Amino acid sequence: MRVPMIIVSPWTRGGWVNSQLFDHTSLIKFLEARFAHRNRDLVEANITPWRRAVVGDLTSAFDFKTPNRSRPVRLPDTDDFKPDELVRFADEVPVPPADQRLPKQEHGVKPARALPYELHATARRASTEVTIDFRNTGRAAAVFQVRESGSTAAPRTYTVEAGKQLADAWAYTGEYDLSVHGPNGFFRRFAGGSADVEIKPAYDRDLTLRLTNHGRKRVEVTVRDVYKGRTTRISLRPGETERREWPLDRTQGWYDLTVTVEGDPRFRQQLAGHVENGEDSITDPALGGLV
Numbered sequence: 007m008r009v010p011m012i013i014v015s016p017w018t019r020g021g022w023v024n025s026q027l028f029d030h031t032s033l034i035k036f037l038e039a040r041f042a043h044r045n046r047d048l049v050e051a052n053i054t055p056w057r058r059a060v061v062g063d064l065t066s067a068f069d070f071k072t073p074n075r076s077r078p079v080r081l082p083d084t085d086d087f088k089p090d091e092l093v094r095f096a097d098e099v100p101v102p103p104a105d106q107r108l109p110k111q112e113h114g115v116k117p118a119r120a121l122p123y124e125l126h127a128t129a130r131r132a133s134t135e136v137t138i139d140f141r142n143t144g145r146a147a148a149v150f151q152v153r154e155s156g157s158t159a160a161p162r163t164y165t166v167e168a169g170k171q172l173a174d175a176w177a178y179t180g181e182y183d184l185s186v187h188g189p190n191g192f193f194r195r196f197a198g199g200s201a202d203v204e205i206k207p208a209y210d211r212d213l214t215l216r217l218t219n220h221g222r223k224r225v226e227v228t229v230r231d232v233y234k235g236r237t238t239r240i241s242l243r244p245g246e247t248e249r250r251e252w253p254l255d256r257t258q259g260w261y262d263l264t265v266t267v268e269g270d271p272r273f274r275q276q277l278a279g280h281v282e283n284g285e286d287s288i289t290d291p292a293l294g295g296l297v
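Residue numbers are given in my numbering: position 247 of the sequence shown equals residue 253, and the series is strictly consecutive.
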């Protein structure tokens with residue numbers, strides 16, 4: 007019920023969007039960031055260390071260095087908002103539409119603030135289990151949630167501090183299908199069967215994939231770029247490793263790549279999210295209907 011939160015301030019003008027994780031304690035922590043250095047009694051003791059690590063303090067939503075000091079030339083006329091009559095009417099009972107539909111995201115993109123996230127999740131396959139390595143090279147702790155397709159087990163949740171990493175394993179027989187969800191659209195899907203292709207992404211301003219064939223046969227790998235609508239085909243001999251780069255200038259850091267292997271319809275890895283480089287960017291073009 008607290009989403010979205012609207013901030014009205016000279017330091018936020020311009021229709022900016024901030025997708026860092028916030029909650030009701032963020033308002034308290036914002037006041038702490040402004041005033042608590044002068045008086046430690048203003049630090050709220052009821053906020054847990056976990057929440058302090060994972061949830062932001064709203065300061066990333068502001069630009070205190072270069073505020074928008076411009077003034078509107080003419081304010082809009084408010085005469086149309088005056089009531090026609092000062093008579094109270096009965097409350098209007100809402101009637102749900104007969105053909106109910108989910109609301110859709112507005113078309114287009116908005117400017118987006120830089121975020122403190124730089125997250126990684128890669129999978130390693132063995133004969134009876136798949137191991138996912140979680141790594142956080144950003145400036146803020148983040149929570150990953152892993153869901154196993156077709157399983158009745160509850161999703162597993164992992165909190166990884168900045169500069170830390172951890173791993174966990176899932177047993178499987180024949181095939182597996184795991185999806186990893188993180189903040190600001192971070193998504194990974196690891197599904198497979200017989201093919202043993204390891205994919206390790208690395209990103210700065212662009213996205214680089216390091217693909218290694220751990221199997222005993224040559225494999226034909228296809229990488230589908232959803233944002234650009236292009237397909238890249240890579241042939242890997244047993245034990246061979248190849249690197250390919252995907253520029254992200256056009257999408258300002260947003261990416262969505264799907265990797266498949268010919269002859270193994272169960273193998274599917276998807277990598278989606280946004281590469282943070284410390285600079286402001288835009289909201290997801292795909293969510294805005296531009297892809």
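Glycine included, every Cβ here is placed at the ideal spot set by N, Cα and C.
Predicted, not measured: the structure shown is a model, and the values here were computed from it.
7 Å Cβ cutoff met for residue i and residue j
{"i": "TRP22", "j": "PRO117", "result": "yes"}
{"i": "LEU184", "j": "VAL152", "result": "yes"}
{"i": "ALA175", "j": "THR134", "result": "no"}
{"i": "VAL265", "j": "VAL225", "result": "no"}
{"i": "VAL136", "j": "TYR164", "result": "no"}
{"i": "ALA67", "j": "ILE12", "result": "no"}
{"i": "ALA147", "j": "ALA59", "result": "yes"}
{"i": "PRO189", "j": "TYR123", "result": "yes"}
{"i": "GLU251", "j": "THR214", "result": "yes"}
{"i": "GLN111", "j": "LEU293", "result": "yes"}
Cα-Cα separation, residue i to residue j
{"i": "THR179", "j": "SER155", "result": "14 Å"}
{"i": "ALA127", "j": "ARG94", "result": "58 Å"}
{"i": "VAL186", "j": "ARG222", "result": "28 Å"}
{"i": "ARG75", "j": "ASP212", "result": "34 Å"}
{"i": "GLU285", "j": "ARG119", "result": "8 Å"}
{"i": "HIS30", "j": "VAL9", "result": "11 Å"}
{"i": "GLY20", "j": "ASP69", "result": "11 Å"}
{"i": "GLY191", "j": "GLU38", "result": "29 Å"}
Cβ-based burial, residue i [other Cβ within 10 Å; buried from 16]
{"i": "HIS280", "result": "buried"}
{"i": "THR237", "result": "exposed"}
{"i": "ASP262", "result": "buried"}
{"i": "PRO207", "result": "buried"}
{"i": "GLY144", "result": "buried"}
{"i": "ASN45", "result": "exposed"}
{"i": "TRP260", "result": "buried"}
{"i": "ALA129", "result": "buried"}
{"i": "PHE140", "result": "buried"}
{"i": "ARG194", "result": "buried"}
Same chain, Cβ closer than 7 Å to residue i, five either side skipped, listed in chain order
{"i": "ARG131", "result": "GLY198 and ASP202"}
{"i": "PHE41", "result": "LEU48"}
{"i": "GLU204", "result": "ARG130, THR218 and HIS220"}
{"i": "PRO253", "result": "ASP212"}
Neighbourhood of residue i by C-beta distance below 6 Å, restricted to the same chain and skipping five residues each side
{"i": "GLU50", "result": "ILE34"}
{"i": "ARG230", "result": "THR237 and THR264"}
Neighbourhood of residue i by C-beta, 8 Å cutoff - its chain only, sequence neighbours within 5 removed
{"i": "PHE36", "result": "ASP63, LEU64 and THR65"}
TODO: Let me know the alpha helix (DSSP H) ranges lying completely inside the segment 193 to 227, each 4 residues or longer, listed in chain order.
DONE: none
- [ ] Any chance you could list the beta strand (DSSP E) runs of at least 3 consecutive residues sitting entirely within the segment 51 to 134, in chain order?
- [x] 125 to 131
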